[in-house]
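Numbering (the numbering used here), first residue to last: 423 to 495. Ideal Cβ placement from N, Cα and C applies to all residues, glycine included. Just so we're clear, the structure is a prediction, and the values are computed from it rather than from any experiment.
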Amino acid sequence: RLVQFCEDEISRSEVDYFVFGHRHLPIDYTLKNGHSRYINLGDWLVYNSYAVFDGNDLQVKFFENADARVFGN
423 RLVQFCEDEI SRSEVDYFVF GHRHLPIDYT LKNGHSRYIN LGDWLVYNSY AVFDGNDLQV
483 KFFENADARV FGN
């Protein structure tokens, strides 16, 4: 549902990042327009995941969890 919301929204306005939390999986999914991204922060208890925006790019990262991976396309 959230991905569909994002897809619908980019048809009306230009958005670089849709950032959500509380879904528990760290997700970085590129939307159909090829540049907008659906980001889910994951959680701190299992994945130790968080996001960093450097002014140009947003990345999902992991604190001391080398086995974790970001889900996406």
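Under the rule that 16 or more other beta-carbon atoms within 10 Å means buried, what is Leu463, buried or exposed?
buried
query = Should Val474 go down as buried or exposed, given a rule of 16 or more other Cβ atoms within 10 Å for buried?
reply = It counts as exposed.
| said: Quick check on this structure: which residue in Ile449, Ala488, Glu429, His457 has the alpha carbon closest to the alpha carbon of Val482? | reply: Out of Ile449, Ala488, Glu429, His457, Ile449 has the C-alpha closest to the C-alpha of Val482.
* To do: Using 10 angstroms around the beta-carbon of Ser435, count the other beta-carbons present and answer buried if the total reaches 16, otherwise exposed.
  => exposed
Closest by CA to Asn478, which one among His457, Glu429, Gly494?
-> His457
Exposure of Phe440, with buried meaning 16 or more beta-carbon neighbours within 10 Å: Burial check for Phe440: the Cβ neighbour count within 10 Å reaches 16 or more, so the residue is buried.
Next on the checklist: Please state the DSSP three-state secondary structure of Asp450.
Outcome noted: In the structure shown, Asp450 falls within a strand segment according to DSSP collapsed to helix, strand and coil.
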